[in-house]
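Accompanying notes for the structure given below.
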Amino acid sequence: MKKYEYKVPGGKLLRAKVETAEGRISFIQLTGDFFMQPETDLEELEARLRGSSADSVDFTVKGFFAEKQTVMAGTCPADFAYVISQAIKA
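Heads up, the sequence shown is in our numbering, so the first residue is 8 and it goes up one at a time.
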């Protein structure tokens, strides 16, 4: 399992744990001290990423948040895409 922690400007911490198999995300867990509304969007994002190409993280994450119009405080979609991508590369 690969892990990465990222402190976004403003001090919020994002953590990603990721496993890949054959270029696809087989497991992902996102945690940290961020706020997201509705909270269920985090679980839905993880579900959408499972099975997706590790190369399409940026597209998938940003598309998800644009579609859902998730409200976040102290973080943005690019922060999530970054921490996931870095965990994959770790």
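Cβ coordinates follow ideal geometry from the N, Cα and C atoms, glycine included. Predicted model, so just to flag it, every value in this text is computed and none were measured.
- For residue 19, there is no enclosing beta strand (DSSP E), as DSSP marks it with neither H nor E.
- Rounded to the nearest angstrom, the gap between the Cα atoms of residue 12 and residue 33 is 19 Å.
- For residue 55, the uninterrupted alpha helix (DSSP H) segment begins and ends at 47-56.
- The three-state secondary structure of residue 93, taken from DSSP, is helix.
- Under the three-state reduction of DSSP, residue 71 is assigned to helix.
- DSSP places residue 38 in the uninterrupted beta strand (DSSP E) bounded by 31-39.
- When secondary structure is reduced to three states using DSSP, residue 63 falls in the helix class.
- According to the DSSP assignment, residue 79 belongs to the beta strand (DSSP E) that extends over 78-80.
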